[in-house]
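Residue numbering for the sequence shown is 66 to 292, as defined by my numbering. Heads up, the beta-carbon is just placed ideally off N, CA and C, and yes, glycines get one too.
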Amino acid sequence: MIEIERLTKRYGATTVVDDVSFRVEEGAIAVVVGTSGAGKSTLLRMINRLVAPSAGRVLVDGEDTMAIPEDALRHRIGYVIQGYGLFPHRTVAENIATVPRLLGWEKRRIAARVEELLDLFQLDPGEFAQKFPHQLSGGQQQRVGVARALAAKPALLLMDEPFGALDPVIRSRAQDDLLAIQRRLRTTVVLVTHDMNEAFHLGDRIAVMDRGRLLQYASPGELLLRP
Ligand code: ADP
Ligand code: ADP
66 MIEIERLTKR YGATTVVDDV SFRVEEGAIA VVVGTSGAGK STLLRMINRL VAPSAGRVLV
126 DGEDTMAIPE DALRHRIGYV IQGYGLFPHR TVAENIATVP RLLGWEKRRI AARVEELLDL
186 FQLDPGEFAQ KFPHQLSGGQ QQRVGVARAL AAKPALLLMD EPFGALDPVI RSRAQDDLLA
246 IQRRLRTTVV LVTHDMNEAF HLGDRIAVMD RGRLLQYASP GELLLRP
């Protein structure tokens, strides 16, 4: 479970995330939705400790993220950025192996994990493991980006507009694939999007943000839609 308590970020006189609190149950998908500039990415980066909060805190399974050492934090929280951030000069297998390598996993265990993930994301290991990112379609790169974030079995997966670069048909398939995979792995997910349809499709809970403030946090059925 992840608990976000009164998170606030100020840059000078501007408050870009304003006293935001919510909790995400184990295995649930929370979608943070709002227009550009609402503070979604900043919120995600504070959860990840890439941005230091001005106030408030984040607990992962009851533990304050500020107290978790850097490498343990990267192990426990997987992160998919916009555009996926794949290393262009590393193969698909090397990209997926990034965090397990940093954690010092044995070679055989890494190879088995890479193969398992490629299978899970329906990328034939024989065909894809040794390819480079530029040899993949957008949808394939997206799957490798998520596979890489999941490689070390994080407790929490953070995704910033993970489908934004995909065309509508591929996007819809990628969303369904994520749901299918998440049902199997039961990883807790916090996903950021500006697309309300995506929020309704994917979210067990939807956090609506506007100008830094959390306007609502509710299940899709309970969400009040205002004009
Ligand atoms: P979103 O992801 O919802 O588009 P962001 O979290 O990226 O929103 O940005 C929220 C607001 O905070 C924006 O107005 C942005 O310009 C501002 N902002 C983000 N990072 C910084 C920073 N490092 N310094 C100053 N302002 C920032
Ligand atoms: P995103 O791809 O999430 O929209 P942005 O374009 O908002 O990212 O921000 C890219 C980087 O620039 C981030 O590190 C963000 O913190 C920083 N940034 C965004 N807005 C500002 C700003 N107004 N002043 C300074 N830094 C900013």
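Run the proximity test for residue i: is its beta-carbon closer than 8 Å to any non-hydrogen atom belonging to ligand 1?
| i | result |
| --- | --- |
| Met261 | no |
| Thr43 | This structure gives no information on residue 43, because the portion of the chain shown stretches from 66 to 292. |
| Gln229 | Note that residue 229 is Gly in the sequence shown, not Gln. Not under cutoff, so the answer is no. |
| Leu300 | Given that the chain is displayed from residue 66 to residue 292, the structure contains no residue 300 and the question cannot be resolved. |
| Thr73 | no |
| Ala103 | yes |
| Val123 | no |
| Met274 | yes |
| Tyr282 | no |
| Thr252 | no |
Using alpha carbons as the reference points, say which of the options lies closest to residue i.
| i | options | result |
| --- | --- | --- |
| Ser202 | Ala93, Pro165, Ile235 and Gln240 | Ile235 |
| Phe87 | Asp242, Val273 and Pro118 | Val273 |
| Gly77 | Glu90, Leu109 and Ser119 | Ser119 |
| Gly121 | Phe152, Arg166, Ala158 and Val82 | Val82 |
| Leu256 | Lys74, Asp84, Ala93 and Arg71 | Ala93 |
| Ala216 | Val85, Arg141, Leu72 and Gly229 | Arg141 |
| Phe186 | Gly286, Gln240, Thr80 and Arg71 | Gln240 |
| Asp126 | Leu289, Ala220, Val96 and Leu267 | Ala220 |
| Ile264 | Thr73, Gly99 and Val157 | The sequence shown places Ala at residue 264, rather than the Ile named in the question. Here the closest residue by C-alpha is Gly99. |
| Val145 | Leu289, Val254, Asp260 and Ala245 | Val254 |
| Leu138 | Gln147, Leu124 and Gly150 | Leu124 |
| Glu91 | Met66, Thr79 and Met111 | Met66 |
| Arg276 | Arg174, Gln147 and Thr73 | Thr73 |
So the alpha helix (DSSP H) residue i belongs to, where does it begin and stop?
| i | result |
| --- | --- |
| Arg276 | Note, Arg276: premise wrong, no alpha helix (DSSP H); not H, not E. |
| Leu183 | Lys172 to Leu185 |
| Ser106 | Lys105 to Ile112 |
| Pro134 | No alpha helix (DSSP H) holds Pro134; DSSP gives it neither H nor E. |
Give me whichever residues DSSP pairs with residue i in a beta bridge.
| i | result |
| --- | --- |
| Ala245 | According to DSSP, which records beta bridges pairwise, Ala245 is partnered with nothing at all. |
| Val125 | Ile67 and Glu128 |
| Ala95 | Val255 and Arg270 |
| Ala120 | Thr73 |
| Tyr282 | Ala272 |
Got a sec, what are the start and stop residues for the beta strand (DSSP E) residue i sits in?
| i | result |
| --- | --- |
| Leu289 | Here Leu289 belongs to no beta strand (DSSP E), and DSSP marks it neither H nor E. |
| Val145 | Ile142 to Val145 |
| Thr80 | Thr79 to Val89 |
| Leu201 | Premise fails: Leu201 is in no beta strand (DSSP E) and is neither H nor E. |
| Leu222 | Leu221 to Asp225 |
Assuming residue i contacts residue j under a Cβ cut-off of 8 Å, what Cβ separation, rounded to an integer in Å, is found between them?
| i | j | result |
| --- | --- | --- |
| Val89 | Arg278 | Their Cβ separation, rounded to whole angstroms, is 18 Å, which puts Val89 and Arg278 out of contact at 8 Å. |
| Thr107 | Val116 | 6 Å |
| Thr252 | Leu222 | 5 Å |
| Gly229 | Ala95 | Not quite, the Cβ-Cβ distance comes to about 18 Å (not below 8 Å), so this is no contact. |
| Val211 | Pro227 | 7 Å |
| Gln207 | Leu231 | 6 Å |
Is the beta carbon of residue i within less than 8 Å of some heavy atom of ligand 4?
| i | result |
| --- | --- |
| Met224 | Ligand 4 is absent from the structure shown, which contains only ligand 1 and ligand 2. |
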